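What follows is a short report on a single structure.
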Amino acid sequence: MDEIAIHVREAYKVFHKQSLFPWNRKNGHGEKKRVVAVDSISFDVSKGEIFGVLGPNGSGKSTLIRLIATLLLPDSGAVTVFGHDVVHDRIAVQRLINRVSVEASFFKKLSPMENLIFGARLYGLSAQQARVQILEILTRLGLERSTISKPVEEMSRGMQQKVAIARALLTRPAVLLMDEPTTGLDPRSKREVQALVRELRDQDETTILLTTHDMVEAEMLCDRIAIMDAGKIVALDTPEKLCAMVPSHNGRSPTLEDVFLELTGKKLIEEDDVE
Amino acid sequence: MISATTRQLRASYAFVERNAHLVKRYWSWELVWLAYSIANSLSVSYIGLGMEQISGQEIDGRYLVLYLVVGTLVWRYLSLIFYWITDVIGLERWEGTIEYTLMAPIHRLTHMAGQTAFAVAYSLLFTAIILAVTVKLFQIDLTNANLFGMTLVMLSGSLSFIGIGIVGSILPLLFPERGAQMTHVIIAMLLLVSGVYYPVAVLPPTLRMLSVFSPATYVLDGTRKALLDGLPTAQLWPSIWPTLVAGAIAIPIGLWVFGLAERYAKRTGKLHRNG
Ligand SMILES: Nc1ncnc2c1ncn2[C@@H]1O[C@H](COP(=O)(O)OP(=O)(O)OP(=O)(O)O)[C@@H](O)[C@H]1O
Ligand SMILES: [Mg+2]
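From first to last, the protein sequence lines stand for chains A and B.
Counting in numbering that gives the first Met the number 0, the first sequence runs from 0 upward without gaps.
Counting in numbering that gives the first Met the number 0, the second sequence runs from 0 upward without gaps.
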């Protein structure tokens, strides 16, 4: 039996559009808005696995990642990381994880170096340790040395995204949560990040949970993929088996994109329209 | 392996260093802020010199100036501490880094201790500069003043403002849009009841009753006794112990309330607004 890194059991998260003040609560129609972002989902991710989560916009991918990252508390159900509960054992979980999100989020006036050393210190690293590693990782990600001490606000989005990836790698997480890590990267940078993800798994046995809107990337990288729709997991399997789930179109073997469109019920363009 | 304490200490220092970097990066804004504060202090202090002409009676203008100088300085010092601590969340929400900081494996005490250490150091330095300018301009004679006792009163007075600041810092957690502005209300109320520019005896009974509960009342009283009357340190105790008690109550309450607010924010999804 493989060691289980991430364990999600019946996790449920609902958001209410409601003000803290009772007198502000009634909106125009007197109803309150309720969004079930993660709807009783369960799955396990083994140690060293690259686990993909696909799904349309608003299907609950980022919410799921935040539940594992201790940034949101589940309304019911359980989430554990290497046996530590995200609610009751917050710090133990936090020591094991890190996260890369779509938006890079830095102190814009500070340099990547200053931002990353701040991050490293929060995890108990010394500045000397961190400095060596930062240079190593940023060089590995193809970031020019001259940019390391300039304000982050002067960098392009893709460059900032690399710094965000460096921030996560710096703490050597056992579980890495990557929320659309390659969105906004040019093709070469994208490949560098993908290679890095593979390397992390192969060399350090890092467990990686990754969301992406790039089907090719998902197929290439992930050992298993969960497809989410409206907060639920509608399919979970290896990329090959997922592709086998839908019938072939016009003699062409189905791609992950076909599966995605079929299962998430948001088939915007019918096959006939294309012909 | 490094000890857990070393790790938490490094994490605390992370906040000190980060804030120092931010101040350095925004140095021109700091100069503007300093100029504003000095102008403010001076214009209040000149009321003391003008009083004789305004009232047409003979008044000890020198004493009055010093009375007001103490008011502006102590108030500047305490409100600076308050604002730096309150900004512990506001600052990061603005940059979007809050999710990363709250995801770090540190205790909230570690977090606050770092922010507090910086707040006290910054506020002391800032106030000392204003004091130096004021003393020079009004040719204030401090030879009889008990400067050591004054510092002691101000430092012990900071404790309670740290606690109040931590309570104030939850506002940006609860109200992402307007929370930061709401903290001004707290400071304005304290300014009204604490006898910053007048003896609390002139206040109507209800407000005067409130002044008893404001730690600033004691800080101002003690500072005036040390600076104006040159009272020896031993006799300043009546102004010191109430602020120590207030601190011993306010800081644990602050941390507790902060914990509740953090849980609320993680339950309702108030930490992030996008992505
Ligand atoms: N903090 C929040 N407050 C209120 N509603 C939220 C919050 N975060 C997410 N939601 C809602 O929950 C649902 C799921 O959002 P989520 O961000 O998890 O989707 P996603 O799958 O990551 O989408 P995308 O592909 O666009 O990133 C959406 O309807 C969203 O509006
Ligand atoms: Mg998302």
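All C-beta atoms in this analysis are idealised placements derived from N, C-alpha and C, irrespective of residue type, glycine included.
Values in this document were obtained by computation on a predicted structure and should not be read as measured data.
Is the CB of T69 of chain A under 8 Å away from at least one CB in chain B?
Yes - at least one Cβ of chain B is within 8 Å of the one on T69 of chain A.
If you run the structure through DSSP and keep just helix, strand and coil, what is E48 of chain A?
Coil, per DSSP.
CA-CA distance, D102 of chain A and Q160 of chain A?
Correcting the residue identity first, residue 102 of chain A is Glu in this sequence and not Asp. Approximately 8 Å between the Cα atoms of the pair.
May I ask you to report which of helix, strand or coil DSSP gives K108 of chain A?
In this structure, K108 of chain A counts as coil in the three-state DSSP scheme.
Is it buried or exposed, H28 of chain A, if we count other Cβ atoms within 10 angstroms and call 16 or more buried?
The pLDDT assigned to H28 of chain A is 49, lower than 50, so where the model puts this residue is not dependable, and the model offers no usable value.
Can you give me the start and stop residues for the beta strand (DSSP E) that Y11 of chain A sits inside?
Where Y11 of chain A is concerned, the enclosing beta strand (DSSP E) stretches over 3-16.
At 7 Å on the CB atoms, spell out the chain B contacts of Q93 of chain A, in chain order.
Under the 7 Å cutoff, chain B gives M102, A103, P104.
Please say whether F117 of chain B and V199 of chain B have beta carbons closer to each other than 8 Å?
No, these two residues do not count as a Cβ contact at 8 Å.
Can you give the Cα-Cα distance for V99 of chain A and A144 of chain B, rounded to whole angstroms?
Those two C-alpha atoms are separated by around 56 Å.
Mind reading off the beta-carbon distance from G70 of chain B to L227 of chain B? Whole number of angstroms is fine, and I expect it under 8 Å.
Not really, about 11 Å apart at Cβ, beyond 8 Å.
Pairs of beta-carbons, one from the region 234-253 of chain A and one from the region 64-73 of chain A, closer than 8 Å: are there three or more?
With the cut-off at 8 Å, the region 234-253 of chain A and the region 64-73 of chain A do not touch.
Should D43 of chain A be counted as a contact of ligand 2 given a C-beta to heavy atom distance under 7 Å?
It does not: the Cβ of D43 of chain A is nowhere closer than 7 Å to a heavy atom of ligand 2.
Quick one, what's near ligand 1 if you take every residue whose CB is closer than 6 Å to any heavy atom, in chain order?
Every residue passing the under-6 Å Cβ criterion appears here: A:F14, A:V34, A:A36, A:G54, A:N56, A:G57, A:S58, A:G59, A:K60, A:S61, A:T62, B:G268, B:H271.
Between the beta-carbon of K46 of chain A and the beta-carbon of T210 of chain A, is there less than 8 Å?
No. Outside cutoff.
Starting from R251 of chain A, follow its DSSP beta bridges and name the residues at the other end.
Paired residue(s): A:H248.
Which complete beta strand (DSSP E) runs does the region 85-168 of chain A hold, if anything under 3 residues is left out?
Within the region 85-168 of chain A, the complete beta strand (DSSP E) runs of at least 3 residues are 96-99.
For V131 of chain A, I'd like the list of residues in its chain whose CB is within less than 8 Å of its CB, leaving aside the five on either flank, ordered along the chain.
Within the same chain, V131 of chain A has no close Cβ partners at all.
Should N97 of chain A go down as buried or exposed, given a rule of 16 or more other Cβ atoms within 10 Å for buried?
By the 10 Å Cβ count, N97 of chain A comes out buried.
For my contact list, M102 of chain B and L95 of chain A are in at a C-beta cut-off of 8 Å; report their separation, rounded to the angstrom.
So it is not a contact: roughly 11 Å between Cβ atoms.
What's the call for H87 of chain A, buried or exposed, on a 16-neighbour Cβ count within 10 Å?
H87 of chain A should be labelled exposed.
Please confirm whether S125 of chain A has its beta-carbon closer than 8 Å to some beta-carbon of chain B.
It does; some Cβ of chain B falls within 8 Å.
Does the beta-carbon distance from M111 of chain B to V87 of chain B come in below 8 Å?
Yes, the pair counts as a contact, with Cβ atoms nearer than the cut-off.
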